Ligand code: ADP
Ligand code: MG
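Numbering (this note's numbering), first residue to last: 11 to 424.
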């Protein structure tokens, strides 16, 4: 009974510790500071577990596998936590003959955690829990077999079973805590993003209208001036440069207006394939310039209701980005198909790809990695058009391999 009490007290302590550390780490924006704090919290948890190590019928039991497995799978600290747990265990309790057989078990655990971490993060929450629980089960089974080999009787090993059971509870609670905190963070990010977008759309609606009219007047007068034959060369060049810059400014304003206008003005029924072909035709010069080969597989996938000009604008922005992501050439694939009354448009490039951080920032106003060449408005507009057309977008990307966009629209049915 004392053992169970001890284990549960130990468990509450490490849960509390992780909770506090997570609260602290939320204050920091820098990923490295957060990781450092988490690593520190997990390390402290390992120390707490070691200090609660108890010997029952000659068997030492503790809960250190919980922080090691959770820290290894969720945060990639497996080797660090495993090695420090072994070192501190020997420091606290000395190195005895029973320590030798544990070495390969913990070594294997460290390697497994290290290799499994990137794969683990890509799984869904339920699978993550199963993997964590399976890891504890395998660890405990190996320790159990090891102790049997060392000559312990089955009745003595009852404590290992009790510890395993407590570890299950601990892993479930820790996983739940981490998953919930991840969800909260995601919602908070989404809220901040939504606020930013709302602000940008209000500002853009107000400013664009005010700026557009004087710009049109300036452009008109400059065009008139350039028609004057008596103008000499440097002045003509200045006028032409001014006109090009005005065109660029107009482009930006047009993007903003598309984004700011919430409702679709023209509603018509248009064929997806036809519109996409037009977009591709207008992108051909840019693709040729970048030695990008366009590969299409477009079935007759159906019709969408909405403004086809905006639909074209949306895919122009997406595909232009794809081509720009392949400055040394590559393939741009477009594949369209119909599935359960949903039109799916899959666009994929073999370009530079993006990190998960870059991916999460897509669609933010002014987010661009292209310096002066980019406006950071393209995808913001595309996302807004997709929302207006009641569609959805999913993006996957891998650095060095490329990016894929899957856009889904409800198909028009008579
Ligand atoms: P801009 O093209 O003006 O930079 P966008 O909103 O169109 O603005 O794109 C924002 C950023 O997203 C780009 O600067 C680029 O870093 C990234 N991006 C978008 N599409 C891709 C892609 N297909 N491959 C790699 N990076 C991309
Ligand atoms: Mg762009």
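Just so it is clear, CB atoms sit at the ideal spot from N, CA and C, and this is done for glycine as well.
Computed from a predicted model, the values in this text were never measured in an experiment.
- Scanning 144, 62, 89 and 375 for the CA closest to the CA of residue 212 turns up 375.
- Here residue 207 has no same chain residue with a Cβ atom under 6 Å from its own Cβ, once five neighbours each way along the sequence are excluded.
- If you draw a 10 Å sphere on the C-beta of residue 50, you find fewer than 16 other C-beta atoms in it, and that means exposed.
- Excluding sequence positions up to five before and after residue 120, its CB lies within less than 6 Å of the CB of 88, 89 and 92, all in the same chain and listed in chain order.
- Cβ atoms of residue 336 and residue 409 stay farther apart than 8 Å, at about 14 Å.
- The segment 357–373 and the segment 395–402 do not touch, with fewer than three beta-carbon pairs separated by less than 8 Å.
- Going by C-alpha positions, residue 195 is about 31 Å away from residue 267.
- Residue 69 is not a Cβ neighbour of residue 190, given a cutoff of 8 Å.
- As DSSP reads the structure, residue 414 sits in a beta bridge with 358 and 406.
- Residue 205 is bridged by DSSP to nothing; it lacks a bridge partner.
- For residue 345, the enclosing beta strand (DSSP E) starts and ends at 340–349.
- Judged by beta-carbon spacing, residue 116 lies beyond the 8 Å limit of residue 63, meaning their Cβ atoms are not closer than that value.
- For the alpha helix (DSSP H) assignment, the uninterrupted runs of no fewer than 4 residues enclosed by the segment 106–184 are, from N- to C-terminal side, 109–131 and 135–159.
- Of the candidates 310, 330, 38 and 318, 310 places its Cα closest to the Cα of residue 351.
- The beta carbon of residue 373 sits no closer than 7 Å to any heavy atom of the ligand MG.
- At least one heavy atom of the ligand MG lies less than 7 Å from the C-beta of residue 388.
- According to the DSSP secondary-structure assignment, residue 189 is paired through a beta bridge with no residue.
- Within a 10 Å sphere around the beta-carbon of residue 424 sit fewer than 16 other beta-carbons, which makes this residue exposed.
- In the DSSP annotation of this structure, the continuous segment of the beta strand (DSSP E) that includes residue 304 starts and ends at 302–308.
- Judged by beta-carbon spacing, residue 28 lies within the 8 Å limit of residue 184, meaning their Cβ atoms are closer than that value.
- Taking 7 Å as the cut-off, one finds at least one heavy atom of the ligand ADP near enough to the beta carbon of residue 327.
- One alpha carbon belongs to residue 143, the other to residue 353, and they sit about 40 Å apart.
- A residue is called buried once 16 or more other Cβ atoms fall within 10 Å of its Cβ, and residue 346 is buried on that count.
- Spatial neighbours of residue 85 in its own chain (CB-CB distance under 6 Å, excluding positions within 5 residues in sequence) are listed in chain order as 48.
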